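Asker: In the working numbering, the protein residues as written are 28 to 429.
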Amino acid sequence: MQQANLEGIFEDFMNKESVFINKDALSIRYKPENIPHRDVQISGVAKVLAPCLKLERPSNLFIYGKTGTGKTLVVQRVCRQLEVTALKKQAPLKVIYVNCKMKRVADTEYRLVAQLAREVGEEVPATGLPTDEVYKTFFNAIDDKKQIVILVLDEIDWLVHKSGDDVLYNLTRINQELENAKVCLIGISNDVTFTDGIDPRVKSSLGEEELVFPPYDALQIKDILSDRSRIAFAEGCINESVLSKCAAYAARDHGDARRALDLLRVAGELADRDGVDSVVEDYVDMAEDKIERDNIFEVVKHLPAQSQLVFYSGFLLQNGSDKPFFTGDLFDIYTKLCKKTGLKVLTQRRISDLIGELDMLGLFNARVISKGRYGRTRELRVGIGPTSMNKVRELLESQLGF
DNA sequence: CGAGATTCATGTGAAGTATACCTTTAGGCTTAA
DNA sequence: AAGCCTAAAGGTATACTTCACATGAATCTCGTA
């Protein structure tokens, strides 16, 4: 009985017409053939990097721009093209791309350099080696022949936030140590204020060239969407007004094209799930909710247990209201919860840091305030919308074992 | 009444500790001449 | 004697703790009008 049902579901699924013909075109990983409204930036990056075809070291490049303004895409695109051309002209060129935001991959100096070494095919253990040693392996690996190495460090602001700018200083000095190879650094940052407060030597060295990616406006986003939707969707499954709506939503918060594409994709998925044959505007609203939920869900799910507990404590304190709470309150709740779950109670000092990390992730909104006679603390709010609350709560409760 | 001192709760930096892991080295055992 | 394996020694990164000092506005204190 039940099994017949199940089979029915699968049967239906296989027979059903999907609104998609190539869903990948809407994914973040998709590398489109042409990138609308980024001609200036593409040629900008290309001009800076072009000298490497003549075996000259290009200037270091620094790129700013909010999320979803095509920074990564443009850089990867230009680099790929460069590699193709280099291959044709027999120019030795290597592009290494590292995303510094990846937890436990490149978020400290050691891990970044270890990752770089791994990218060039060296085996490097996760811990135990002196950082200098890892630098050396990396140097030797790239210095064994004459070549240009382009080092793309995406979301570089995270790295600096976590482990200071020594890393960058060391990296910008690389060229002095190398005999044969030459290294060009490309730093990509979401945070425009990032270079304030870093070592001026690093700043001038890294920012030999700078490029700003302005946010897209609604019309530009719509262009992008219609480009992609032609590839992704089956004929007649999507209409202008849906695209406009996605574009408008995405333009509303800082012109994030990635978000627009997500919206469109999820709207399509929801339509598919309902078995309808065209995506209507309502699905965009549903998609917006779902995306926020899913994103937060993923982030929270992969948090270390201690951070989860800290977040859960905040969750309880907030309890649906919109009053802020303070570090001290949170620490009390946290301590109780630790006893209850058998987790080790960390010090308030450490919790303060964890709160800072959760703030960076956008799960908390924190700001340091002084309450005068009553001391100084962080004023905290849980930074997620009410629609996601219940799901996340369930997740936390199951993962923490309540 | 107002300027300056005081106060509180915790932010924040620096140094120290525990743990897990890596390489090197010295000692011990085996093997082959 | 040479070769190989093992375990201890000495080193590192990371996550966390401990210690100590910094912060900054509400509140208190006290001199003055």
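Every residue gets a Cβ at the ideal spot worked out from N, C-alpha and C, and that includes glycine.
Predicted model only: the values in this text are computed from it and were never measured.
Should residue 162 be labelled buried (16 or more other beta-carbon atoms within 10 Å of its own) or exposed?
Answerer: buried
Asker: Residue 239: buried (16+ other C-beta within 10 angstroms of its C-beta) or exposed?
Answerer: exposed
Asker: Checking 7 Å against the spacing of the C-beta atoms, do residue 186 and residue 212 come in under that value?
Answerer: no
Asker: On the CB-based measure, 16 or more other CB atoms within 10 Å of its CB, does residue 153 come out buried or exposed?
Answerer: exposed
Asker: Go ahead and label residue 389 buried or exposed: buried means 16 or more other beta carbons lie within 10 angstroms of its beta carbon, across all protein chains shown.
Answerer: Under this definition residue 389 is an exposed residue.
Asker: Give the straight-line distance between the Cα atoms of residue 278 and residue 190, rounded to the nearest whole angstrom.
Answerer: 33 Å
Asker: Could you round the C-beta distance between residue 125 and residue 142 to whole angstroms and report it? I think they count as a contact, below 8 Å.
Answerer: 6 Å
Asker: How do the segment 217-225 and the segment 69-80 stand: do at least 3 beta-carbon pairs fall below 8 Å, yes or no?
Answerer: no
Asker: Suppose you measure from the CA of residue 419 to the CA of residue 323; what does that come to, to the nearest Å?
Answerer: 8 Å
Asker: Based on Cα-Cα distance, which residue from 288, 285 and 314 lies nearest to residue 299?
Answerer: 314
Asker: Measuring alpha carbon to alpha carbon, tell me which residue in 85, 214 and 377 is nearest residue 99.
Answerer: When only C-alpha atoms are compared, the closest one is 214.
Asker: For residue 337, does the three-state DSSP call read helix, strand or coil?
Answerer: The three-state reading of DSSP puts residue 337 in helix, counting H, G and I together.
Asker: Is it right to say residue 97 is buried, meaning 16 or more other beta carbons lie within 10 angstroms of its own, or is it exposed?
Answerer: buried
Asker: Where does residue 182 land, buried or exposed, given buried means 16+ other C-beta within 10 angstroms?
Answerer: buried
Asker: Do residue 204 and residue 166 come within 7 Å of each other at the CB atom, strictly closer than that value?
Answerer: yes
Asker: Do residue 405 and residue 397 count as a contact pair if the criterion is CB distance below 7 Å?
Answerer: Residue 405 sits away from residue 397, with the two beta carbons spaced by 7 Å or more.
Asker: Could you give the distance in angstroms between the alpha-carbon of residue 284 and the alpha-carbon of residue 233?
Answerer: 27 Å
Asker: Return the Cβ separation of residue 192 and residue 159 in integer angstroms, given the expectation that the two are a contact with Cβ distance under 8 Å.
Answerer: Not a contact, Cβ separation roughly 18 Å.
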